[in-house]
Amino acid sequence: MNVKNVLKNFFYLDEDDNDREYNHARDQQAEQAQITRQQQQTQIQNAQQQQQLARQQANQQKRDMKKREQQKNQPMATPLASTTSVQRKAKKQMPAIIDNDFINGSNLVSFTQKTSKVILFEPRVYSEAQDIGDCLKNKKAAVINLQRIDKAQGKRIIDFLSGAIFALNGDIKKIGEDIFLCTPDNVEVDGNISENYFDE
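Under the UniProt record's numbering, read the sequence shown as residues 1 to 200, first letter to last.
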């Protein structure tokens with residue numbers, strides 16, 4: 001009888017085992033569903049963040065374009081005129097830089113204008129003519145004193161500078177005996193110095 005009871009229970013499945021397996025499978029499915037929902041929410045949040053970032057970038061580009069348009073429509077700064085006999089006027093004016101944040105708060109406008117340089121040269125050899133040409137190429141005026149170089153070398157330097165100035169649409173003026181003023185295209189020279197003075 002004892003063997004009969006053992007064999008009897010051997011072929012029957014325990015209902016608790018079935019319930020445990022069912023509950024375990026159900027818990028796994030619930031965990032998978034929760035993980036899937038979290039992944040979907042993360043993807044939705046990422047997509048929303050990307051859309052918001054794209055909107056912010058588009059708005060920033062619009063603001064930048066408006067600022068550029070406002071700066072284009074602002075009046076140009078005008079330099080003050082000089083009263084000396086040799087007047088240099090800038091053909092090209094620097095645009096005014098206007099701080100729009102300042103304008104909104106008050107009526108202040110800031111202007112900045114680049115200053116010009118005149119460089120003095122006293123060449124002693126012909127090879128220094130290239131330095132003078134580089135100066136003109138960089139939009140700087142130059143005064144050349146040829147009194148310390150022999151006449152033939154001085155003539156070669158003036159020939160070289162005449163070609164460079166012609167190529168750069170500049171100007172060259174004699175302002176003294178063996179002294180020349182060379183200006184690039186952004187500087188205009190008005191007035192003349194008397195030629196009779198040099199003949200004395």
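C-beta: ideal position from N, C-alpha, C; glycine also.
All figures in this text were calculated on a predicted structure; none of them were measured in a lab.
Query                                                                                                                                                                    : Result
How is the beta strand (DSSP E) around K173 delimited, first residue to last?                                                                                            : 171-176
At which residues does the alpha helix (DSSP H) containing L161 begin and terminate?                                                                                     : 151-167
Should I44 go down as buried or exposed, given a rule of 16 or more other Cβ atoms within 10 Å for buried?                                                               : exposed
Mind checking who I144 pairs with in its DSSP beta bridge?                                                                                                               : F121, F180
For V143 versus L181, is the C-beta distance shorter than 7 Å?                                                                                                           : yes
Helix, strand or coil for D185 per DSSP?                                                                                                                                 : coil
Between I172 and I165, is the Cβ-Cβ spacing less than 7 Å?                                                                                                               : yes
Please state whether the Cβ-Cβ distance between G163 and P184 is less than 7 Å.                                                                                          : no
Give me the residue from R55, D64, L136 with the minimum Cα distance to V187.                                                                                            : L136
Distance check for E177 and S194, CA to CA, integer angstroms please.                                                                                                    : 11 Å
Please identify the residue among E31, I157, Q57, K67 whose C-alpha is closest to the C-alpha of A129.                                                                   : I157
By Cβ distance, which residues of its chain are closer than 8 Å to F121, with the 5 residues on each side in sequence left out?                                          : E128, D131, I132, C135, A142, V143, I144, N145
Figure out for me which residue from N138, I149, K117 has the closest Cα to the Cα of Y126.                                                                              : I149
Within the same chain, show all residues whose beta-carbon is closer than 6 Å to that of K155, passing over the 5 residues directly before and after it, in chain order. : none
Just to check my reading of the structure: K114 and K140 have Cβ atoms closer than 8 Å, yes? What is that Cβ distance to the nearest angstrom?                           : So it is not a contact: roughly 11 Å between Cβ atoms.
How would you write the range of the alpha helix (DSSP H) that I132 sits in, first residue to last?                                                                      : 129-137
Tell me whether L161 is buried or exposed, calling it buried when 16 or more other Cβ atoms sit within 10 Å of its Cβ.                                                   : buried
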